[in-house]
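Residue 215 in this note's numbering sits at position 205 of the sequence shown, and the numbers go up by one each step. All C-beta atoms, glycine included, are put in the ideal place defined by N, C-alpha and C. Below is one structure; the comments refer to it alone.
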Amino acid sequence: MWHPDDFVFVPGRAPLTSLKFLVFISIVHFIMTCSLEMLMTNRTKPINVRRIQRYNNLLIGIYSGVTLYIFYLSKLWKFIDIYFVILNKTPVLMHFRWRHQTTSSVVLASLLGDVSYEWATIVSNSLLHTFTYPHFAGVWNAYPILLVLGAWQLIVGLSLSIYGITVGCDGSFYAKLWGLLIYITYTIGYLNKYFHLVDRLRHFISTSRHASKTL
């Protein structure tokens, strides 16, 4: 009892895994995020939850490292993370917001669609979080490692998604396609976060338009 080998994923029967629940919790999360942001906009000072936030980050890091077999549930737990950020009146980056809003749908789609190669992306993502959350909890400074593991996770996700669709690996085509589309958005967000790719592209387009008007 309570051994990893005893855990069996049964669509719709395993706790918190029905499509209705995912839609419900995603809507609730979106409403919570917007409501907290509206609340904190009217406050001059943040609500001091940094100690709780650090403990929460540390627990998620430990959880990611030792319980890969219920990986999907960690995606729901991460919803709390963004609430702490908002309560601290810290700006919420779009990449951060989008990733937290969508990761549970990617994981559940892979489970329901029985995508054969998802174990590799699960391991790479859990490895990243094992370093990420203790980093934000102040346990260690792992920024260089996070940069590498973040890129590695996206390379694994994109390459396996493309390979799975083109070669025809086992699993639902639509689940694989959804995963590929989401990984593309994550990659764009990652490149913009660390290398300001989108911002540079916007600047280039704006400069080009201005130059063409002056000719």
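Using a Cβ-Cβ cutoff of less than 6 Å, which residues in the same chain neighbour residue i once the five nearest sequence positions on both sides are dropped?
i    : result
I192 : T112, V116
F183 : none
E47  : I96
L211 : none
H39  : F89
Which same chain residues, not among the five before or five after residue i, have their C-beta less than 7 Å away from its C-beta?
i    : result
W162 : S134
L159 : L137, L138, F141
V149 : L68
DSSP three-state call for residue i: helix, strand or coil?
i    : result
N58  : coil
A24  : coil
D91  : helix
L118 : helix
Y143 : helix
S126 : coil
A152 : coil
H105 : helix
H220 : helix
H206 : coil
G189 : helix
R53  : coil
G181 : coil
N66  : helix
N98  : coil
W12  : Residue confidence for W12 is low, a pLDDT of 49 falling below 50, so the modelled location carries little weight and cannot support an answer.
Tell me whether residue i is buried or exposed, calling it buried when 16 or more other Cβ atoms sit within 10 Å of its Cβ.
i    : result
N52  : exposed
G178 : exposed
G22  : exposed
Y196 : buried
T54  : exposed
H220 : exposed
Y153 : exposed
Hey, residue i and residue j are a contact pair by Cβ (cut 8 Å); roughly how many whole angstroms apart?
i    : j    : result
S120 : A185 : 6 Å
V125 : G167 : Wrong, their Cβ atoms sit about 11 Å apart, outside the cutoff.
L86  : I35  : 6 Å
I175 : L157 : With a Cβ gap of about 28 Å, I175 and L157 do not count as contacting.
L164 : L32  : That pair is no contact at about 23 Å.
By Cβ distance, which residues of its chain are closer than 8 Å to residue i, with the 5 residues on each side in sequence left out?
i    : result
V208 : I198, L201, N202
N106 : Strictly speaking, residue 106 in this sequence is Phe, with Asn absent from that position. Counting only Cβ-Cβ distances below 8 Å, and skipping sequence neighbours, we find I92, V95.
Please state whether the Cβ-Cβ distance between residue i and residue j is less than 9 Å.
i    : j    : result
A147 : N67  : yes
A130 : L170 : yes
N98  : P144 : no
M50  : F89  : no
L29  : L122 : yes
Y127 : Y173 : yes
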